[in-house]
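Here is the structure we will look at, set down as structure tokens.
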Ligand SMILES: Nc1nc2c(c(=O)[nH]1)N[C@H]1C(S)=C(S)[C@@H](COP(=O)(O)O)O[C@H]1N2
Ligand SMILES: [Mo]
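Numbering (our numbering), first residue to last: 6 to 326.
Right, here's the structure in full:
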């Protein structure tokens, strides 16, 4: 285990380091980590080596451990970074790691716009510092037919939304992945309508478990996991957690989502983890935790019911799947 974690009760780094030095140091670390991440590796025979083996030298440090973290063991780094879904980098689970060197993450900016008082275009290098966003470790479960526990480095999406001041009639948040077939060659094939898009209700987006991740295992995010910044919504099926984001827009109406658009009978807008609602083509009762032999029962809201069930009070979750 490579995480130097901090107990929630420990002082924040900002409380023990003069503020300016702390921010300068953070800016430095993120920038050098980013630079390291763009250098790909090619093996002796010219075959691209999965990025999982090329861990960047620079790491996010220091950080606090979010009290929302599970104490279950994190899934091995190699599994987290070589068993992925990222159709813009290939449809096989191993493709994203093999093709991640195509995804250049510089230059990169995230636009935050729509129904907000203060729209912003944020260079990725400035994402944490521009609004003084505090990154933490969030050790969260994620589930699909398989499941993992991933120690993300991220910050609450709510913190970013607060800074741009949503207008009163904003009710949803729409997300968009980079559209660039050179950097995401899977976009040359019409598997989905590109760019990949996702959405949340504004109250879901404000929930403290909804984070924007910029790293995992203390490293800068690898391309296959959605570099340089991706959403993580741990009580929903994996496809809601959109990768490699370039736009976040506040809207009045429910935005389209890629999988709902492509197969509306199979994928709803909400996609809350729900073992009692079968996918039309398979049961969603059980999951295989990567690294374990026996399958385990999938839990309502992926085990986060205490934290999020109130968001859906009064809704029929078989209708709103
Ligand atoms: N842009 C984009 N985001 C995406 C996907 C994708 O194909 N494109 N796949 C989704 C799916 S189906 C899953 S299960 C998760 C996987 O995230 P991970 O590889 O970090 O575990 O990413 C989600 N985000
Ligand atoms: Mo998925």
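Heads up, the beta-carbon is just placed ideally off N, CA and C, and yes, glycines get one too.
Buried or exposed (CB count within 10 angstroms, at least 16 for buried), residue i
{"i": "residue 299", "result": "exposed"}
{"i": "residue 246", "result": "buried"}
{"i": "residue 95", "result": "buried"}
{"i": "residue 47", "result": "Reliability fails at residue 47, whose pLDDT of 34 lies under 50, so the model's placement of it is uncertain and no value is given."}
{"i": "residue 78", "result": "exposed"}
{"i": "residue 292", "result": "buried"}
{"i": "residue 64", "result": "buried"}
{"i": "residue 301", "result": "exposed"}
{"i": "residue 287", "result": "exposed"}
{"i": "residue 235", "result": "buried"}
{"i": "residue 257", "result": "exposed"}
{"i": "residue 243", "result": "buried"}
{"i": "residue 218", "result": "buried"}
{"i": "residue 170", "result": "exposed"}
{"i": "residue 321", "result": "exposed"}
{"i": "residue 5", "result": "Nothing can be reported for residue 5: it is not among the residues displayed for the chain, which extend from 6 to 326."}
{"i": "residue 194", "result": "exposed"}
{"i": "residue 324", "result": "exposed"}
{"i": "residue 227", "result": "buried"}
{"i": "residue 72", "result": "exposed"}
Paired residues, beta bridge with residue i - DSSP
{"i": "residue 277", "result": "241"}
{"i": "residue 290", "result": "Residue 290 is not bridged to any residue."}
{"i": "residue 113", "result": "Bridge partners of residue 113: none, in fact."}
{"i": "residue 308", "result": "Note: residue 308 sits in no beta bridge, so no partner."}
{"i": "residue 145", "result": "155"}
{"i": "residue 183", "result": "Bridge partners of residue 183: none, in fact."}
{"i": "residue 254", "result": "118 and 179"}
{"i": "residue 284", "result": "287"}
{"i": "residue 160", "result": "217"}
{"i": "residue 301", "result": "292"}
{"i": "residue 204", "result": "179"}
{"i": "residue 171", "result": "121"}
{"i": "residue 64", "result": "224"}
{"i": "residue 126", "result": "116"}
Contact check, residue i vs residue j, beta carbons under 9 angstroms
{"i": "residue 238", "j": "residue 232", "result": "no"}
{"i": "residue 331", "j": "residue 280", "result": "Given that the chain is displayed from residue 6 to residue 326, the structure contains no residue 331 and the question cannot be resolved."}
{"i": "residue 189", "j": "residue 183", "result": "yes"}
{"i": "residue 148", "j": "residue 75", "result": "no"}
{"i": "residue 124", "j": "residue 177", "result": "no"}
{"i": "residue 122", "j": "residue 165", "result": "no"}
{"i": "residue 185", "j": "residue 316", "result": "no"}
{"i": "residue 112", "j": "residue 129", "result": "yes"}
{"i": "residue 202", "j": "residue 110", "result": "no"}
{"i": "residue 82", "j": "residue 275", "result": "no"}
{"i": "residue 204", "j": "residue 175", "result": "no"}
{"i": "residue 2", "j": "residue 308", "result": "Residue 2 cannot be examined here, being either before or after the span of the chain that is shown, 6 to 326."}
{"i": "residue 151", "j": "residue 294", "result": "yes"}
Neighbourhood of residue i by C-beta distance below 7 angstroms, restricted to the same chain and skipping five residues each side
{"i": "residue 310", "result": "none"}
{"i": "residue 229", "result": "56, 86, 89, 91, 94, 101, 102 and 105"}
{"i": "residue 99", "result": "87"}
{"i": "residue 216", "result": "143, 157, 159, 160, 161, 162 and 237"}
{"i": "residue 306", "result": "240, 277, 278, 313 and 314"}
{"i": "residue 191", "result": "92, 93, 94 and 95"}
{"i": "residue 80", "result": "153, 154, 155, 295 and 296"}
Beta-carbon contacts of residue i that lie in its chain and below 8 angstroms, excluding the five residues immediately before and after
{"i": "residue 267", "result": "197 and 198"}
{"i": "residue 328", "result": "Lying outside 6 to 326, the shown extent of the chain, residue 328 is not represented and no answer is given."}
{"i": "residue 187", "result": "107"}
Proximal residues to residue i (C-beta, below 6 angstroms), its chain only, five neighbours per side dropped
{"i": "residue 326", "result": "273 and 282"}
{"i": "residue 68", "result": "140, 141 and 142"}
{"i": "residue 84", "result": "295"}
{"i": "residue 220", "result": "65, 158 and 226"}
Test: residue i CB closer than 9 angstroms to a CB of chain C
{"i": "residue 203", "result": "Absent here is chain C; the protein component of the structure consists of one chain."}
Decide if the region 158-176 is in contact with the region 129-138; the criterion is three or more beta carbon pairs, one per stretch, under 8 angstroms apart.
-> yes
The region 247-266 touching the region 111-126, judged by at least three CB pairs closer than 8 angstroms = yes
Taking one C-beta from the region 103-112 and one from the region 202-212 each time, how about it: are there three or more such pairs within less than 8 angstroms?
-> no
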